[in-house]
Amino acid sequence: MATYVEHMQLLVSDLAITEKFYTTVFPDWSVRGRGREVGGSKKYAWIHVGDQDTYLSFRTSYEGQTEEQARAERVSNHMGIVVEDIEAVISRLKHIGSEVIQSKHPHRARVYTRDPDGYEIEIVQYLSNKASEKNDYQWCLANGVTVPA
């Protein structure tokens, strides 16, 4: 069996808003499960959004605690999500009013956006099936390609 990332968990302020964002932007994803859990003696609510193989896990703060909105920048830079039709994703993002920043590369189309809690998402459509082209970092360095700040 190959090693792969099954899920990552992110702390969010509102599970319903998060669910709506991710299932709208990625309509082939759905809520795999939801519930309340006790971590140690602390309770929190959670949802898993994704497909049968991989998902993002979102949870609320522990009951009785609050988290800063800026936390997203302290705990992560971005996550990458691969899609088959980036133009459709861009259309959905614009429809819900999300900012979309595009980046150039000859072998992959990329955009960056943020979810309602400020987590940055890199959305990628690979334009080649060749691993050497999909994973070509030298082109970016040689062409001075960076993501606008």
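Numbering (the working numbering), first residue to last: 1 to 149.
Beta carbons are placed, not taken as given, at the ideal position from N, Cα and C, and that holds for glycine.
DSSP state of residue i, grouped into three classes?
i: His48; result: strand
i: Phe26; result: coil
i: Lys130; result: coil
i: Thr60; result: coil
i: Ile96; result: coil
i: Glu122; result: strand
i: Ser91; result: helix
i: Glu37; result: strand
i: Lys43; result: strand
i: Gln152; result: There is simply no residue 152 to check, as the chain begins at 1 and stops at 149 in what is shown.
How many angstroms separate the CA atom of residue i from the CA atom of residue j?
i: Ile123; j: Gln102; result: 10 angstroms
i: Ala131; j: Tyr44; result: 41 angstroms
i: Asp14; j: Thr60; result: 7 angstroms
i: Gly80; j: Tyr112; result: 9 angstroms
Just to confirm, is the Cβ distance from residue i to residue j under 7 angstroms?
i: Glu133; j: His107; result: yes
i: Ile17; j: Val31; result: no
i: His7; j: Tyr62; result: no
i: Asp117; j: Val38; result: no
i: Thr100; j: Leu93; result: The question names Thr, yet the displayed sequence has Val at residue 100. The answer is yes: Cβ separation under 7 angstroms.
i: Gln9; j: Ser41; result: no
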